[in-house]
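Heads up: the sequence shown at position 21 corresponds to 708 in the numbering used here, and the numbers run straight through without jumps.
Heads up, the thing below is written out as structure tokens.
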Amino acid sequence: MTKPPLTLYLAAPRGFCAGVDRAIKIVEMALEKWGAPVYVRHEIVHNKYVVDALRDQGAVFVEELDECPDDRPVIFSAHGVPKAVPAAAAKREMIYVDATCPLVSKVHIEAERHHSNGLQMVMIGHAGHPETVGTMGQLPEGEVILVETPEDVATITPRNPEKLAFITQTTLSVDDTADVVTALQTRFPAIIGPHKEDICYATTNRQEAVKAMATKTNAMLVIGAPNSSNSRRLVEVGAKAGCTYAQLVQRAADIDWRALDGIDSIGITAGASAPEVLINEVIDAFKARYDVTEEIVETAVENVEFKVPRVLREPT
């Protein structure tokens, strides 16, 4: 039977970013150095395939430090943790390794600097997301006000409207965040923003590639986990940019083929914590059903690399 033709647009960049790459490497090197089990507080990155693969190697994933024994190493996830967590680990004399993405750490440092200058922080982020919880936990209670939407800005009551600064979660939609920033600057003209925006290079680049891809096709799949903020934002950006069908799938088995019936082109991208193996699995699934022509939609070239902590580079 002749396969129907399909143009498959592949976003570039897509998939793993430097922070995710580093976090996974940290767990693998910790297992190599100290042997199993190594405990990881929260999913190291938001991807089931990655977490399951590390679990098979001997990583034990827990939600709280209380679940970890004193005598085994613990790793803090790429999303960052409140200050109280490493303090508690140090008090228990645990070996701990912080896998917080350096770009998230940059936001933490920024928040502390503003706080030491007497400013109250407004954080643009998603309530309950580990990165938001970790960032807000860098400062004392009440020092960070969380907003998610431009509408939220109208409801907040800062201590002193003249002494405010804002920071953002690193994995937000660039366009949606710009709307919240505008609302903040309109209501609080004296508010201080970051020298360079907090949304990370990888989030921005993947969103730009999706926008470029959306002009070529009206169907798009984003490979990523349902709890991955940056992956979910890619779906939203694709829909906003004109894709009438933009869906999040964890892997090839999740593709709704009936919804794609009759298509002649589709865009494929992946969130920053989705491994290449899952992207290839999806491409192969399309090749099994269609006569595929691949086209790369490249909007940026990434060559960022972050070093792993010194403790893992030193001999035991």
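Cβ coordinates follow ideal geometry from the N, Cα and C atoms, glycine included.
Since the model is a prediction, treat every value here as computed from it, not as a measurement.
### Query
Residue range of the beta strand (DSSP E) that M907 falls in?
Against the sequence shown, residue 907 aligns to sequence position 220. Unbroken beta strand (DSSP E) run through M907: 906-910.
### Task
Starting from the N-terminal side, write out each stretch of the beta strand (DSSP E) that is 3 residues or longer and does not extend beyond the segment 721-753.
725-728, 746-749
### Query
For the segment 814-831 against the segment 748-762, are there 3 or more C-beta pairs whose distance is under 8 angstroms?
no
### Task
For Y783, write down the residues that DSSP places opposite it in a beta bridge.
Locating residue 783 in the sequence shown gives position 96, counting from the first residue. Bridge partners of Y783: V761.
### Task
Please classify V707: does DSSP put it in a helix, a strand, or coil?
Taking the sequence shown and counting its residues from 1, the one referred to as residue 707 is at position 20. Looking at V707 - three-state DSSP - the assignment turns out to be helix.
### Secondary structure, beta strand (DSSP E): runs of 3+ residues fully inside the segment 907-951
932-936
### Query
Going by DSSP, what residues sit across from A957 in a beta bridge?
Within the sequence shown, residue 957 is the residue found at index 270, counting from 1. I910, per the DSSP bridge assignment.
### Query
What does M810 pair with, by DSSP beta-bridge criteria?
Here residue 810 is taken as the residue at index 123 of the sequence shown, counted from 1. Answer is L833, I854.
### Task
Taking all protein chains shown into account, decide if A777 is buried (16 or more other Cβ within 10 angstroms of its Cβ) or exposed.
By one-based count along the sequence shown, residue 777 stands at place 90. The residue is exposed, with fewer than 16 neighbouring Cβ atoms inside 10 Å.
### Query
L965 by DSSP, collapsed to three states: which one?
Working through the sequence shown from its first residue, we reach residue 965 at position 278. Correct three-state label for L965: helix.
### Message
Just to confirm, is the Cβ distance from L752 to V738 under 7 angstroms?
### Response
Walking along the sequence shown from the start, residue 752 turns up at place 65. Walking along the sequence shown from the start, residue 738 turns up at place 51. No, Cβ-Cβ distance for L752 and V738 is not below 7 angstroms.
#### Entry: Given I983 as reference, the closest of Y977, V995, S952, V922 once Cα atoms are compared
One-based indexing of the sequence shown puts residue 983 at position 296. It is S952.
### Task
Go ahead and label V840 buried or exposed: buried means 16 or more other beta carbons lie within 10 angstroms of its beta carbon, across all protein chains shown.
In the sequence shown, residue 840 corresponds to position 153, counting from 1. Classification of V840: buried, given that the 10 Å Cβ count is 16 or more.
#### Entry: Residues near I843 in its chain [Cβ-Cβ closer than 6 angstroms; skip 5 each side]
By 1-based counting over the sequence shown, the position of residue 843 is 156. I832, listed in sequence order.
### Query
Does the count of Cβ pairs from the segment 915-935 and the segment 870-882 closer than 8 angstroms reach three?
no
### Query
Going by beta carbon distance, what residues of the same chain come within less than 6 angstroms of P692, once the five residues before and after it are set aside?
As a working note, residue 692 is residue 5 in the sequence shown. The residues are D978.
#### Entry: Whether H766 touches N914 by CB criterion (7 angstroms)
For this step, residue 766 is matched to residue 79 along the sequence shown. For this step, residue 914 is matched to residue 227 along the sequence shown. Result no, Cβ atoms of H766 and N914 do not sit closer than 7 angstroms.
#### Entry: L871 - partner residues in DSSP beta bridges
Locating residue 871 in the sequence shown gives position 184, where the first residue counts as 1. BP columns for L871 are empty, so no partner.
### Query
In or out: I796 buried (at least 16 other Cβ within 10 Å) or exposed?
Counted from its first residue, the sequence shown places residue 796 at position 109. Burial call: exposed.
### Query
Rounded to a whole number of angstroms, what is the C-alpha to C-alpha distance between L790 and Y888?
As a working mapping, residue 790 is identified with position 103 in the sequence shown. As a working mapping, residue 888 is identified with position 201 in the sequence shown. The straight-line gap from Cα to Cα measures roughly 9 angstroms.
### Query
Just to confirm, are Q807 and R846 a CB contact at a threshold of 7 angstroms?
The residue you call residue 807 lines up with position 120 of the sequence shown. The residue you call residue 846 lines up with position 159 of the sequence shown. Yes; because the gap between Cβ atoms is below 7 angstroms, this pair is in contact.
### Which residues DSSP lists as bridging D978, in chain order
The sequence position of residue 978 within the sequence shown is 291, counting from 1. Paired residues: P692.
#### Entry: Sequence-distant residues of the same chain with beta carbon closer than 8 angstroms to T980, five excluded per side
Residue mapping note: residue 980 aligns to position 293 of the sequence shown, counting from 1. P692, L693, T694, L695, listed in sequence order.
#### Entry: S803 burial status per 10 Å Cβ neighbour count (16 or more: buried)
By one-based count along the sequence shown, residue 803 stands at place 116. S803 is exposed by the Cβ-count criterion.
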